[in-house]
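The sequence shown maps to residues 11 to 371 in our numbering.
Right, one structure below, let's go through it.
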Amino acid sequence: MLHIEIETVWRFHREGSPQTAVVILGILNEIRKTGKISSAATDAHLSYRHVWNLIDQWSEFFGVPLVETQRGKGSKLTPFGEKLVWAGERMQARLGPQLENLAQELVTEIKPFLHQRPSVIRVHASHGFAVSKLREFLDREPGMGVDLRYVSNQNSLVSLAQGACDLSGVHLPHGELRAQGIKACREWLDPREDRVISFVTREMGLMVKRGNPLKISSLKDLADRRARFVNRDHDSGTRQLFDQLLALHRIPEGRINGAQQMEFTHAAVAAYVASGMADASFGVEAAARQFGLDFIRLLTEDYFFVCKRAFLETEPMRRVLEIMKSVDFHKAIDALPGYVASETGKVSGVKDFLERMHSDR
């Protein structure tokens with residue numbers, strides 16, 4: 011199966027000058043994390059001297075040092091270097107899923123002209139760490155391809171109903187909000203033709219700066235302390251869930267400082283907080299841990315897939331279920347903070363599944 015990667019390049023230009031600078035943010039980020047230029051060189055597969063020369067070139071271009079070193083204390087980024095790295099982290103987190111979608115569109119366009127014709131499963135799903143992990147495993151399968159598009163929670167079920175995908179990824183919260191989620195899903199589920207595949211559970215909550223300096227432990231604290239918040243986009247299932255939580259606790263959106271400041275992925279809002287541009291956000295625990303943030307759990311979600319009954323009998327789908335049930339995949343999921351492989355790969359009818367969802371609330 012052909013794979014395409016679209017990567018971002020940070021190329022800086024000065025007005026009126028032909029000089030440009032391509033900054034490899036991964037080098038600076040490794041220095042930020044380890045305090046060692048040697049570690050950054052190893053990570054980038056470059057020599058120590060070459061990395062030093064690059065840092066000198068970048069500092070000269072900007073007219074501001076990016077890295078400072080102290081004898082016996084290693085190296086650290088200057089405030090400007092830190093700002094560059096966190097800006098890059100936010101942009102990469104924001105653009106990553108969009109670039110993956112664009113890469114997949116390109117593969118779809120050129121695939122008919124290639125001799126290689128693997129079995130392809132079309133997956134439309136809300137963006138998440140476990141879905142990305144499943145794609146990693148499927149990509150290793152010979153003779154099999156994955157056409158994964160990240161779409162909103164509700165749109166994935168619409169795609170399945172309209173025949174635009176083979177697998178639709180959906181998530182439902184535990185607790186008082188479960189009935190609302192089930193009601194929204196039921197409109198697009200066909201009990202005769204659809205089947206539900208259990209996947210994972212994941213922890214959802216507030217991401218805050220390390221040490222939780224504002225001592226936030228609830229949505230009420232978020233509002234009362236006027237914490238600077240960064241929200242998800244209106245179409246995302248996570249944004250809808252956050253709005254439902256506000257309504258449940260009778261907290262007007264207007265009391266959330268920054269409710270209209272939006273980013274498009276779990277990682278993007280986490281990076282926003284980690285860079286100091288916000289005090290808190292709402293999302294999955296795995297994103298918080300990835301960026302070294304503290305996490306205040308608010309609820310658990312079930313993430314599952316829906317497909318047509320006939321598709322279960324196909325060879326590609328049988329291989330998907332085998333991977334979901336494998337020990338290696340379960341280990342990979344359990345290594346993701348806040349994720350648990352819960353009856354992963356179990357197939358249920360719509361009626362039985364919804365009854366179980368009601369009873370588990």
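Even for Gly, the Cβ is constructed at its ideal location relative to N, Cα and C.
Under the assumption that Met154 contacts Thr18 (Cβ atoms under 8 Å), give the Cβ distance between them as a whole number of angstroms.
-> With a Cβ gap of about 28 Å, Met154 and Thr18 do not count as contacting.
Do three or more CB pairs link the region 188-201 to the region 217-237 at distances below 8 Å?
-> Not touching, per the Cβ criterion.
Sub-9 Å separation of Asn111 and Arg81 beta-carbons | Contact flag unset, no.
Between Trp20 and Gly98, which are expected to be in contact by the criterion C-beta below 8 Å, what is the C-beta distance as a whole number of angstroms?
-> The beta-carbon distance between Trp20 and Gly98, rounded to whole angstroms, is 7 Å. This is short enough to meet the 8 Å contact definition.
In whole angstroms, what is the alpha-carbon distance linking Ala113 and Asn163?
-> Roughly 21 Å between the two C-alpha positions.
Measuring CB to CB, does Leu94 end up less than 9 Å from Pro183?
-> Not in contact: Leu94 and Pro183 (Cβ atoms no closer than 9 Å).
C-alpha gap between Phe314 and Val180, whole angstroms | When rounded, the distance between both Cα atoms is 6 Å.
Determine the burial state of Thr248: buried for a count of at least 16 other Cβ atoms within 10 Å of its Cβ, exposed for fewer.
-> The residue in question, Thr248, is buried, as its Cβ has 16 or more Cβ neighbours within 10 Å.
Select from His55, Glu15, Arg329 and Ala140 the residue whose C-alpha is nearest the C-alpha of Leu116.
-> Residue Glu15 is the option with its Cα nearest to Leu116.
From Leu7 to Val161, what distance separates their C-alpha atoms?
-> Summary: the structure shown does not reach residue 7, with the chain confined to residues 11 through 371, and so no result is reported for it.
From Ala54 to Ala277, what does the alpha carbon distance come to, in whole angstroms?
-> Spanning the two alpha carbons is a distance of roughly 23 Å.
So what does DSSP say about His23, is it helix, strand or coil?
-> It is a strand residue.
Based on Cα-Cα distance, which residue from Tyr58, Arg59, Thr52 and Thr88 lies nearest to Cys69?
-> Reading off the sequence shown, one finds Ser at residue 69, where the question assumed Cys. Of Tyr58, Arg59, Thr52 and Thr88, the residue nearest in Cα terms is Thr88.
Tell me, please, which residues DSSP counts as bridged to Ile207.
-> In DSSP, Ile207 forms a bridge with Phe315 and Val357.
Does the beta-carbon distance from Thr354 to Ala103 come in below 9 Å?
-> Not in contact: Thr354 and Ala103 (Cβ atoms no closer than 9 Å).
Rounded straight-line distance, which links the Cα of Thr79 to that of Ile41 = When the Cα atoms are used, Ile41 and Thr79 turn out to be separated by approximately 11 Å.
Could you have a look at Ser291 and say whether DSSP puts it in helix, strand or coil?
-> In the structure shown, the three-state DSSP call for Ser291 is strand.
Cα-Cα separation between Ser352 and Lys335, rounded to whole angstroms | Between Ser352 and Lys335, the C-alpha separation is close to 10 Å.
In angstroms with no decimal places, state the Cα-to-Cα distance between Ala298 and Arg188.
-> Roughly 24 Å separates the two Cα atoms.
N- and C-terminal bounds of the alpha helix (DSSP H) containing Glu142 | Note that residue 142 is Ser in the sequence shown, not Glu. DSSP places Ser142 in the uninterrupted alpha helix (DSSP H) bounded by Phe139 to Asp149.
Quick one: is Gly138 buried, meaning 16 or more other Cβ sit within 10 Å of its Cβ, or exposed?
-> So Gly138 ends up on the buried side.
Taking the Cβ atom as the reference point for each residue, do Asp149 and His13 lie within a distance shorter than 9 Å?
-> Yes, they are a contact pair.
Are Leu308 and Ala284 touching if we call contact CB-CB under 9 Å?
-> Contact flag unset, no.
Determine the direct distance from the alpha carbon of Gly264 to that of Gln271, and round the result to whole angstroms.
-> The straight-line gap from Cα to Cα measures roughly 12 Å.
Local conformation of Glu40 per DSSP, three classes | When secondary structure is reduced to three states using DSSP, Glu40 falls in the helix class.
Assumed close pair Lys230, His259 - CB separation to whole angstroms, cut-off 8 Å = Right, the Cβ-Cβ distance comes to about 7 Å (below 8 Å), so this counts as a contact.
How is the beta strand (DSSP E) around Thr275 delimited, first residue to last?
-> Counting along the chain, Thr275 falls outside any beta strand (DSSP E), and DSSP gives it neither H nor E.
Alpha carbon to alpha carbon, how far is Leu177 from Ala233?
-> Approximately 38 Å between the Cα atoms of the pair.
Residue of Glu119, Ile343 and Arg319 minimising C-alpha distance to Glu203 | If we check each option's Cα against that of Glu203, Arg319 comes out closest.
For Met217, which residues does DSSP report across the bridge?
-> Met217 is bridged by DSSP to Ser291 and Phe305.
Gly179 - partner residues in DSSP beta bridges = Gly179 is bridged to Ala135 and Phe315.
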